[in-house]
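Comments concern the structure below.
Chains as they are written, first to last, in our numbering: chain A, 10 to 669; chain B, 67 to 168.
In C-alpha cells form, the structure reads like this:
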C-alpha cells in the first residue's frame, strides 16, 4: 500500500518535471524569466539585498546584455530526475521503517552522530547560503565573507547551550521541552503557534526563492516549479517522515560539498594553487577595480587602480549600517539555537554524546563550505567579472552558476553545460532538503503538540499519532504550495531574517530558561514566547523592510526633477533619449500611484531605522519571560526543576523519551 | 512499560552531581561568552576600526580578512576543546553518578 502511494508520488513528480520539460511557451519563456531575474535578486539572498531595495531594482530591470544563463535542459532535467529517483527510493525504504510516532518524528532515535551532523548541515544551508553569499562576495568582496561568519558562530550556541540538554530532556518538539514543568496545554499551544510562525516565514522565503530560481535556470514556469517542489517535499515527509527527510538532507549536503569543492579546486588551479597570488589577482583585476571605483563614487569618493582593487578586500562596501549588522548577528547567534527544525534534529540521535558529535561535524561541514564560498565568490569576481554577474542578476545570485559554466567551458563547452546542470541540481536538492525539514517541524508542532497533547490529552495510540502526523504534513505542505504561489510578487527578502529574529526573541529565551532557571514557569514561557514573537514581527512591520508608497513617491519625484532639469539644459528642439524618456514616464506613473499611499501599517515612513529587529526584540523576549515568571511564581515548577536539571545534564531517565 | 522512579531532589544534592553542575556551568557559560564577544568584535571592528582592518599582513591579505578567517578556526577549536573536556570530565562524572544510583 505504502509502496503504491510512493510509486504514485514518484510518477506524479516525474510527470510534473516532464511537463515542465516540454518547450511549451518557448518564445514567451525567455522574456518571462528575464523579468523575474531582477526581483529574484532578493528572495534567494534573503537578508542580504539591503541597498538594492525592490523598487530601485525593478526600475533598473534586466540589462539587455547578451550574456545569459540557461542550463542545458536535457542534462539538467536528467540530473533532476536522478535526484528525484534516488530520494524516492529512500522514501520507499524509509516508509517501511516508519511505524510509530517516534519513527515519524525522530527516526526512532536511530540516526548516528555523523549522519546527524551531515543532516544538520543539509537542513541549515539554504539556497541563500549556496547562491546568495557567494554572489554577495563576488559583488561586494569582504562584506560578503564577513556576513557568512555569523552562520557558523551560531553553532557554538547550539553546541554549548541547547544540543545536549534538548537530547536529554526532550522528545519530538519544542513544546516537549517547554511543557516539562509547566501547564502543558497552554504552553504547548503557544509553542506550536510560535513554531508554525517561524517555519511559515522561512518556508515562504524558500518556496518563492525556489520557484524563481527554477524559472530562471531551467525555464520551468513559476507555478509548475512550486507545485513540483511542493509535491516532492510532501512526498518525502508524509511517507518517509524523519528518516526520509534526514537522508534527503544528507544527500543534499554531500552534493553541495562536492560541488563547492570541485569548483574551488578549479578556481585555485587557475591561480596556480597559490593563495597569496589568488588575492593579488583580485586586487590587480581591472574589472574589479572598475566595479569598485564606480561603487565608491556613489559615496563621493574617487579611487582607481590597485587602491580600488584593495578596497574590495576591505569592509563596508555593502554593510553601511553597523547597528543593523550587529542586530542581524544577534538574531543569527541566538536564533539558530531556537529554530524548531534544527532543535528537532537532536531528537533523532540516541545519546547526548551523539548530539555533541553531530554539532561538531555539522560545524566542520558548514564552516568549510563558507570558506570555500569565499573562493567561489572571489573566483567569480575574477573570472566572470562583477559587471557580468550583476548584468544577469542584480543580487549576484547567479555568480556560482556562471562561474561553474565558465570554468567548465574553459575545459570543453559540454563540460560547462554539465557543470552548470550539476550545480542546478545541487540547488534543487538544497531547496528540497530545507523545505522538507521545515514541513516536518511545523507538522510535528501541530500534530504532536496541538492534536495529540492538547486536543486528545495525550491519549492517542501509535497508529492514530502517525496518521495525524501524516495528514498534518499533507496539509502543511499544501498550505506551503498555496503560499508559495500567492507570494510570487511579494517582497520576501526579509522573511528569513525575520524567521531568525522570531526564533531568537521568542523561542531561545524560553528554551534556555526552561533548562537553566529554577523559578521559570508557565507564565514566563507564555509571556516570553508571545512578547518575543510579537515584538520581532511588529518591529519588522514598521521597519524599512515594508514598502512605503510616500518614500517611493519621493524617489520618483527626484527622478522627475533630475530628468526635467536635464531636459532644460538641452538645446531647444532636442529631446531626451529614449531611455531617459521611458524613465521619466515611469517615474511620473510611480509618483501618481504612490503619492497618497501608506504602508500596510498605515505609515508614511518607517518608525524603526533598522531592518533587523533582534537588538530590541531579543532583550524584550528575555525581559517579558523574567518579569512574568517573577510576577506569577509557581511552586510546582520550582519543585520540578531538579528533575529537568538532572535529566538534561545526565540523561538519566531518558530511555522513556525514546521508547515512548 | 515499567519505569524506574528516581528521587530527583536527592540526585540534585549528590556531591557528584553538584561537582558536575559547577564544572559544566562554568565551562559552558564562560566559553559561550568568550565566543560571542569574539564574534561581535568582527562587525563592531569593521564598523568602528576600519583602519585596523585595512592593515596588510601577508601580501595584499589584510588584517580584516585574517580576523574573519580566524573566527572559523576559533569556532572549530572551541568545539573540539569542548568535546575533549566533555568526553574526559563531564561524561566521566555522569557515568560515575549513574553507576552510583544503580
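Each residue gets a CB set at the ideal place from its N, CA and C atoms; glycine is no exception.
These figures come from a predicted structure and were not determined experimentally.
- Task: Measure the Cβ-Cβ separation of residue 663 of chain A and residue 656 of chain A and say whether it is below 8 Å.
- Result: yes
- Query: Given that a residue counts as buried once 16 or more other Cβ atoms are within 10 Å of its Cβ, and exposed if not, what is residue 326 of chain A?
  - Reply: buried
- Message: Tell me whether the stretch 266 to 283 of chain A and the stretch 86 to 95 of chain B touch, counting them as touching only if at least three CB pairs, one residue from each stretch, are closer than 8 Å.
- Response: no
- Query: With 16 other CB atoms within 10 Å as the buried threshold, where does residue 584 of chain A fall?
  - Reply: Residue environment: residue 584 of chain A is assigned as exposed (fewer than 16 neighbouring CB atoms within 10 Å of its CB, all protein chains considered).
- How is residue 128 of chain B classed by DSSP in three states: helix, strand or coil? strand
- Task: Specify, as a first and last residue, the run of the alpha helix (DSSP H) that residue 328 of chain A falls within.
- Result: Run containing residue 328 of chain A: none; DSSP gives neither H nor E here.
- Applying a beta-carbon distance threshold of less than 7 Å, which residues of chain A neighbour residue 120 of chain B? Those within 7 Å of residue 120 of chain B in chain A are 323.
- Query: Hey, how far is the Cα of residue 337 of chain A from the Cα of residue 578 of chain A?
  - Reply: 46 Å
- Query: Taking DSSP as the reference, what is the three-state secondary structure of residue 122 of chain B?
  - Reply: strand
- Helix, strand or coil: which one does DSSP assign to residue 78 of chain A? In the structure shown, residue 78 of chain A sits in coil (DSSP, three-state: anything other than H, G, I, E or B).
- Message: If I measure Cβ to Cβ from residue 317 of chain A and keep anything under 6 Å in the same chain, skipping five residues before and after, which residues do I get?
- Response: 298, 301, 302
- Item | Own chain, CB closer than 6 Å to residue 438 of chain A, minus 5 neighbours either side, in chain order | 92, 261, 264
- Starting from the C-beta of residue 112 of chain A, find all residues in its chain whose C-beta is less than 8 Å away, skip the five residues before and the five after it, and write them out in chain order. 106, 250, 251, 252, 475
- Task: Mind listing, in chain order, the continuous alpha helix (DSSP H) runs of no fewer than 4 residues lying wholly within the stretch 452 to 540 of chain A?
- Result: Runs of the alpha helix (DSSP H) spanning 4 or more residues and lying entirely within the stretch 452 to 540 of chain A occur at 471 to 495, 504 to 511, 517 to 525, in chain order.
- Task: Could you pull the start and end residues of the alpha helix (DSSP H) that residue 6 of chain A belongs to?
- Result: Residue 6 of chain A lies beyond the stretch modelled for chain A, which goes from 10 to 669, so this question has no answer here.
- Going along the chain, which residues of its own chain have a beta-carbon closer than 8 Å to the beta-carbon of residue 74 of chain B, five neighbours each way excluded? Contacts found: none.
- Query: So, using beta-carbon positions, are residue 169 of chain A and residue 108 of chain B closer together than 8 Å?
  - Reply: no
- Query: From the beta carbon of residue 622 of chain A, is the nearest beta carbon of chain B less than 8 Å away?
  - Reply: no
- Cβ neighbour criterion (16 or more within 10 Å) applied to residue 423 of chain A: exposed
- What alpha helix (DSSP H) runs, 4 residues minimum, are completely inside the stretch 588 to 656 of chain A? 623 to 640, 644 to 648
- Query: residue 192 of chain A lies in the alpha helix (DSSP H); which residues open and close that run?
  - Reply: Premise fails: residue 192 of chain A is in no alpha helix (DSSP H) and is neither H nor E.
- Query: Secondary structure at residue 553 of chain A, three-state DSSP: helix, strand or coil?
  - Reply: coil
- Which parts of the stretch 314 to 375 of chain A are runs of the alpha helix (DSSP H), unbroken and 4 residues or longer, counting only runs that do not cross its ends? 314 to 320, 331 to 344, 349 to 352
- Message: Please report the distance separating the alpha-carbon of residue 497 of chain A from that of residue 228 of chain A.
- Response: 16 Å
- Message: Among A/556, A/597, A/547, whose alpha-carbon lies nearest the alpha-carbon of residue 565 of chain A?
- Response: A/597
- Near residue 341 of chain A, what residues of its chain come up, given a Cβ to Cβ distance below 7 Å and the 5 sequence neighbours on each side ignored? 159, 160, 163, 509
- In angstroms with no decimal places, state the Cα-to-Cα distance between residue 34 of chain A and residue 219 of chain A. Per-residue confidence for residue 34 of chain A stands at a pLDDT of 35, beneath the threshold of 50, marking its modelled position as unreliable; the derived number appears in the next sentence. So the alpha carbons of these two residues sit roughly 20 Å apart.
- Message: For a contact defined as C-beta to C-beta under 7 Å, what are the partners of residue 177 of chain A on chain B?
- Response: Here the premise fails: no neighbours, minimum Cβ distance about 10 Å.
- Query: Can you tell me whether residue 186 of chain A is buried or exposed, with buried defined as 16 or more other CB within 10 angstroms of its CB?
  - Reply: buried
- Task: Kindly indicate if chain A contains any beta-carbon less than 8 Å away from that of residue 11 of chain B.
- Result: No answer is possible for residue 11 of chain B: it lies beyond the span of chain B, which begins at 67 and ends at 168.
- Query: Where does residue 81 of chain B sit, in a helix, a strand or coil, going by DSSP?
  - Reply: helix
- Status (buried if at least 16 other CB within 10 Å, exposed otherwise) for residue 182 of chain A: buried
- Query: For residue 90 of chain B, which residues from the same chain have a beta carbon less than 8 Å from its beta carbon, with the 5 sequence-adjacent residues on both sides left out?
  - Reply: Same-chain partners within the cutoff: 156.
- Candidates A/311, A/239, A/388: which alpha carbon is nearest residue 288 of chain A's? Comparing Cα-Cα distances from residue 288 of chain A to each of A/311, A/239, A/388, the minimum goes to A/388.
- Message: Strictly under 8 Å for the Cβ-Cβ distance: is residue 116 of chain B near chain A by that measure?
- Response: yes
- Which chain A residues sit within Cβ distance under 7 Å of residue 125 of chain B? 285, 288, 289
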